[in-house]
Structure formats: C-alpha cells, structure tokens
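Asks:
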Amino acid sequence: MKRSRIKAIIEEGAVGSEVIVCGWVRTFRNNQFIALNDGSTIKTLQCVVDRDATPEDLLKRISTGAALRMTGKIIASQGQGQSIELQVAELKILGDSDAEKYPLQPKRHSLEFLRDIAHLRMRTNTFSAVFRIRHAAAFAIHEFFNKRGFVYIHSPIVTGSDAEGAGEMFQVTTLDLNDTPKTEEGKVDFKKDFFGKATNLTVSGQLEAELGALALSDVYTFAPTFRAENSNTSRHLAEFWMIEPEIAFADIHDDMDLAEDMLKYIIQYVLDNCNDDLEFLENRLIGEEKNKPQNERSPMPLREKLKFCLEESYERLTYTEAIRILMNSKPNKKKKFQFVIEEWGADLQSEHERYLVEKHFKKPVILIDYPKDIKAFYMRLNDDEKTVAAMDILFPGIGEIVGGSQREERLDVLKRRMTDFDIPHEEMDWFLDTRRFGTCPHAGFGLGFERMIMFVTGMANIRDVIPFPRFPGSAEF
Ligand code: 4AD
Ligand code: MG
Numbered sequence: 147m148k149r150s151r152i153k154a155i156i157e158e159g160a161v162g163s164e165v166i167v168c169g170w171v172r173t174f175r176n177n178q179f180i181a182l183n184d185g186s187t188i189k190t191l192q193c194v195v196d197r198d199a200t201p202e203d204l205l206k207r208i209s210t211g212a213a214l215r216m217t218g219k220i221i222a223s224q225g226q227g228q229s230i231e232l233q234v235a236e237l238k239i240l241g242d243s244d245a246e247k248y249p250l251q252p253k254r255h256s257l258e259f260l261r262d263i264a265h266l267r268m269r270t271n272t273f274s275a276v277f278r279i280r281h282a283a284a285f286a287i288h289e290f291f292n293k294r295g296f297v298y299i300h301s302p303i304v305t306g307s308d309a310e311g312a313g314e315m316f317q318v319t320t321l322d323l324n325d326t327p328k329t330e331e332g333k334v335d336f337k338k339d340f341f342g343k344a345t346n347l348t349v350s351g352q353l354e355a356e357l358g359a360l361a362l363s364d365v366y367t368f369a370p371t372f373r374a375e376n377s378n379t380s381r382h383l384a385e386f387w388m389i390e391p392e393i394a395f396a397d398i399h400d401d402m403d404l405a406e407d408m409l410k411y412i413i414q415y416v417l418d419n420c421n422d423d424l425e426f427l428e429n430r431l432i433g434e435e436k437n438k439p440q441n442e443r444s445p446m447p448l449r450e451k452l453k454f455c456l457e458e459s460y461e462r463l464t465y466t467e468a469i470r471i472l473m474n475s476k477p478n479k480k481k482k483f484q485f486v487i488e489e490w491g492a493d494l495q496s497e498h499e500r501y502l503v504e505k506h507f508k509k510p511v512i513l514i515d516y517p518k519d520i521k522a523f524y525m526r527l528n529d530d531e532k533t534v535a536a537m538d539i540l541f542p543g544i545g546e547i548v549g550g551s552q553r554e555e556r557l558d559v560l561k562r563r564m565t566d567f568d569i570p571h572e573e574m575d576w577f578l579d580t581r582r583f584g585t586c587p588h589a590g591f592g593l594g595f596e597r598m599i600m601f602v603t604g605m606a607n608i609r610d611v612i613p614f615p616r617f618p619g620s621a622e623f
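First residue of the sequence shown? That's 147 in the working numbering, and the numbers climb one at a time after it.
#1: What are the start and end residues of each continuous alpha helix (DSSP H) run of 4 or more residues lying completely inside the stretch 185-261, in chain order?
#2: Please classify residue 327 as buried or exposed, where buried requires at least 16 neighbouring CB atoms within 10 angstroms.
#3: Pairing CB atoms from the stretch 350-362 with CB atoms from the stretch 300-315, are three or more of them under 8 Å?
#4: Take the Cβ of residue 619 as the centre, count every other Cβ of all protein chains shown within 10 Å, and call the residue buried at 16 or more, exposed below.
#5: CB-CB under 7 Å to residue 411, same chain, minus the five flanking residues each way: which ones, in chain order?
#6: When the Cα of residue 362 is compared with those of 609, 274, 580 and 472, which residue comes out closest?
#7: Give the straight-line distance between the Cα atoms of residue 185 and residue 276, rounded to the nearest whole angstrom.
#8: Where residue 269 and residue 436 are concerned, what is the direct C-alpha to C-alpha distance, given to the nearest angstrom?
#9: Just checking, does the stretch 543-559 make contact with the stretch 454-471 on the three C-beta pairs under 8 Å criterion?
#10: Would you list the residues sitting across from residue 626 in a DSSP beta bridge?
#11: By Cβ distance, which residues of its chain are closer than 6 Å to residue 317, with the 5 residues on each side in sequence left out?
#12: Going by the C-beta, is residue 538 closer than 7 Å to any heavy atom of the ligand MG?
#13: Is the beta carbon of residue 588 sitting closer than 8 Å to the one on residue 344?
#14: My output table needs one value for residue 600: the three-state DSSP class, helix, strand or coil.
#15: Does DSSP put residue 314 in a helix, a strand or coil?
#16: Helix, strand or coil for residue 397? Go by DSSP, reduced to three states.
#17: Starting from the N-terminal side, write out each stretch of the beta strand (DSSP E) that is 3 residues or longer and does not extend beyond the stretch 529-574.
#18: Return the Cβ separation of residue 523 and residue 564 in integer angstroms, given the expectation that the two are a contact with Cβ distance under 8 Å.
#19: Grouping DSSP H, G and I as helix and E and B as strand, with all else coil, what is residue 446?
#20: Apply the 10 Å Cβ neighbour rule to residue 520 and answer buried if 16 or more other Cβ atoms are within range, or exposed otherwise.
#21: Hey, residue 383 and residue 615 are a contact pair by Cβ (cut 8 Å); roughly how many whole angstroms apart?
#22: Under the rule that 16 or more other beta-carbon atoms within 10 Å means buried, what is residue 451, buried or exposed?
#23: May I have the straight-line CA-CA distance separating residue 348 from residue 341, to the nearest angstrom?
#24: Report the CB separation of residue 205 from residue 182 in whole angstroms; it is logged as a contact under 8 Å.
#25: By DSSP's criteria, residue 370 is part of a beta bridge. Which residues make up the other side?
#26: Should residue 175 go down as buried or exposed, given a rule of 16 or more other Cβ atoms within 10 Å for buried?
#27: If I measure Cβ to Cβ from residue 498 and keep anything under 6 Å in the same chain, skipping five residues before and after, which residues do I get?
#28: Measure how close the beta-carbons of residue 428 and residue 448 come, nearest whole angstrom, since I'm counting them as under 8 Å.
#29: Is residue 546 near the ligand MG, going by C-beta to nearest heavy atom under 7 Å?
#30: Does the ligand 4AD have even one heavy atom less than 7 Å from the beta-carbon of residue 382?
#31: From residue 258 to residue 586, what distance separates their C-alpha atoms?
#32: Can you tell me which of 392, 244, 261 and 198 puts its alpha carbon nearest to the alpha carbon of residue 294?
#33: Thinking just about the alpha-carbon of each residue, which of 173, 505, 233 and 187 is nearest to the one in residue 248?
#34: For residue 600, tell me which candidate among 552, 408 and 380 has the shortest Cα-Cα distance.
#35: Let me know if residue 323 comes out buried or exposed under the rule of 16 or more other beta-carbons within 10 Å of its beta-carbon.
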C-alpha cells in the first residue's frame, strides 16, 4: 500500500478505507489527538491514537514538528471541526523534533521572525499557502502561453549585455579579485577572464526573446533575473523571476491586450484552484488589519479583490493624461506626495501609481506613451519624437506589476537612440542584425512574478513570496 496525501483523503472523505499517511505534527492534544499536515493542503488530518495502548515513551515523542508515518482506518469524526479522522492502528516516528528547541511553536509568529528562519517557514500555514499558490500561478502562466501557441525560450543567465541599459548588474568573474590581470592602460583585463570578456547576471531576457520572436513569432521567457539596485523596499528583490513574452507583427495595443488577458488568466486560475489557501490568507489579512486604522485597511477582502480585477477592464490612458490628473490631485497640491510632480517629464513613483489606481480610477490602470528620456533605449519612438510606445500596468496595492513596450524596429532610429544612451553599437551588433534582416513591428512586456504573487496572496512584503529572498545585505540559505 502506498501513502495517501492528506489533500486526497480529505477531498475523497473515504470513510472505512485503510490508509497510510505521513506528515509533520502541528499539534498534539490530550495525548490523543494529532493534527497532521503533509503540505499537500492547508488542512490538517486529525489522527486519533489509542493512548492506553500506546507506550508512554512513544507518546512523549509525538511533538510539534516531528515526522510521522501512520496506518489506520478513516472514520467519521465524533469531534467538531472535521468530518473525518484517522483511527491510528500503527504509528512510527520517522524524525523526532525536540519541542524545547524547535523554533516553530504552535502559535502565531511574526513574518519578520519567520524571515530569519526561512529554512523552516515553509512548514507554517501562511508560507505553505503562499508557495502552493506560487506554484499554481507558474503553472497557469505556462498553460496560458501554451494554449496560445507561444514557444518557451530559455534566455541565458550569464550575459555580456545590459538589456535595460541601467547599469544595475552583478558582475560574473573567475578572476582573483586580489590580483587581477591588467591591460596596458591599467584596467582589469577581462580578456583573461573565464569568458574572455566582462560578463554579468542578466537583468532581463528581453533582448534574447526578441531574437526568438523574430524567428518563431510568439515566444516567452520565464526565468530568474538579477538587479544590483540598492532598493531596500517591500517591492524589490535583487533576484526575482520575470515572465517576458515577445510577439512579432504586433503593436502596443496587441501588447496591452495580451498582458491584460494573461493577468486575468492567472487570477482566474488561482481562484479556481487555490480556494482553501486563499480563504486562509484572506482571514489572515482580516486578522492582521484589525489592528490598523480604518484608512489603512484593504477596501475589499482578498478574494473579492481578485474577482474585481477579473471583471473590470483596465483603464488605459497616456502618461500625459496621467500627469494632468496627478498635478490636479489633492495630495500633489497639498504637497502630501513625497515627490511632488512639478512638470511633464517627471518619473512616476509608486505613490503616484497607487494614487491613480487606488484613489482616482479604483481599478487597474495601463499607462502608455511615456517621455522617451525616462524609458529604455529599445522602446519605439512615437511620431511626436518626445514619447515612446511604452506601457506599464499598475495594480492596487502593488503599483507597477508589468512593464513593456512596442520595440524600435527601425535600424536608423534604434542606432540613434543607442547613441543617445551611450550604448556602444559594436557590442550589440547581434541585436542590430534583427533590424538589418527582416525586421518587423514587434512588442513585449515583463511581468514581475513576485509582484504578481504579492497581489494574489495579499502578502505585503515581496520577501515573503519567494522561498529565499535576496536583497541588499542578505543572501542567506
Ligand atoms: O520594467 P522592467 O524593468 O522591464 C524590463 O525588464 C523589460 N525588459 C520587460 C520587457 O519588456 N520584456 O521590469 C519588468 C517588471 C516590473 O514591472 C516589475 O513587476 C518587475 O519586473 N521588477 C521587479 N520585481 C522585483 N524586484 C525588482 N527589483 C524588480 N524590478 C522589476
Ligand atoms: Mg519598469
């Protein structure tokens, strides 16, 4: 007989069947009732041991965190809180857990404390729910693109280029940093490095996705990306996962349609497949917000918020229109924003994005046509020569969740833009080849996977939606 997962046992409710279950003890009450969890569901299986027939020393070893294997019969439960339970016939301790020393006690721990013991936090209800949802969302993304005939491209992790041109890269080298080889000019001689040139961890798979799209039409990447930006915020990681579709023969409107469809698909999938976990996280949030002042609480419970973002079509407007709204807004006039908007051309901060979404439109917003100077070199120059065909999607509680654009497909304009940004043409010759040979209108975007997981789980800190977060000063585990 094989072991059954607790999720299957509870869903099937097979009273009378003999089963084997394995899992970890959450609580043990009365020397009799074990709440067992195996991670397959947020729910625990109540396992009832015959305390008179079980040796004293074995009972003592059934402690929070211990791993057990039990066989027995599923019966209708006499107690409250569950409809079935396991009548334990045989119990084996697979791994003891010293109750005195085990860091996870059967009580509520703060998220900050759990971040310090991230090697154990997946054993809590909150984190197991978050990571099951993270899995479901990843699966939904692959399913979405697969159904639409997109090809999954594996973009490289180590590269010689800076896709965003922002210089926020982690260097990759095997040179001895205490004794680097030097060129005649006294600079580090990267010709002697492992790859024969300077390399870094990728900040985005976009440029390689563009190469794919100009051959396979519709592609996407789903890969880790790295940014050495010194942003110690609740929305930034130094290592995060990004989904980057790239579509040929498409413009910025096709790009927005694709992004909106994808976001809604992910939300729908999570609603359809993760209800128990969502319910748990929703109640967790409600409990947490009880201590907050009314105006800081979320306007809707988690699942209602998710459904709301499914039903509404996202507000689409230009950067210029958004700036007008922001300049006329109360917090701007009263100088309540940390960064007061003085003029057209200002970069939008997360406080402005959230004002537009949460206060003004009260739904997700897609902003297009940003000033060319605050966006990346590869975005298509609009006819006004002042703006580019960029698009950012802003979500409630998150701010920017997607960033994308129609790409500059005209060789001469792209070269001009690269010169403006001081990007050496020789290093990007391979990229320019796509514009030399069979160039075509194309577009794409990047979804920050962790920001999406924050949104669907309601978790407030991005460090709590990736198993092992990397941020300035921290790369534990
Ligand atoms: O806006 P970004 O920088 O766009 C790009 O990288 C483009 N190459 C995407 C493309 O067009 N293919 O990043 C895209 C998204 C952001 O909207 C945000 O959700 C997320 O990636 N993101 C981060 N998430 C976590 N930590 C960080 N440091 C992030 N930086 C960006
Ligand atoms: Mg962006």
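In this text, a Cβ means the ideal position worked out from N, Cα and C, and glycines have one as well.
Replies: In terms of the structure at hand:
#1: Within the stretch 185-261, the complete alpha helix (DSSP H) runs of at least 4 residues fall at 202-206.
#2: exposed
#3: yes
#4: exposed
#5: 286 and 290
#6: Per the Cα distances, 580.
#7: Within the model, the alpha-carbon separation for residue 185 versus residue 276 is close to 12 Å.
#8: Annotation: residue 269 to residue 436 spans about 25 Å, alpha carbon to alpha carbon.
#9: no
#10: Not covered by the structure: residue 626. The range shown for the chain is 147 to 623.
#11: 346
#12: It does: the Cβ of residue 538 is within 7 Å (strictly closer) of some heavy atom of the ligand MG.
#13: no
#14: helix
#15: coil
#16: coil
#17: 533-541 and 545-552
#18: 6 Å
#19: coil
#20: exposed
#21: Taking C-beta atoms under 8 Å as the contact rule, residue 383 and residue 615 qualify, at a distance of about 6 Å.
#22: buried
#23: Roughly 15 Å separates the two Cα atoms.
#24: Not confirmed; about 15 Å, so no contact.
#25: 387
#26: exposed
#27: Closer than 6 Å at the Cβ level, and outside the excluded window around residue 498, lie 472.
#28: Correct: roughly 4 Å between the Cβ atoms.
#29: yes
#30: yes
#31: 49 Å
#32: Closest in alpha carbon position to residue 294, among 392, 244, 261 and 198, is 392.
#33: 173
#34: Nearest to residue 600 by C-alpha distance, out of 552, 408 and 380, is 380.
#35: exposed
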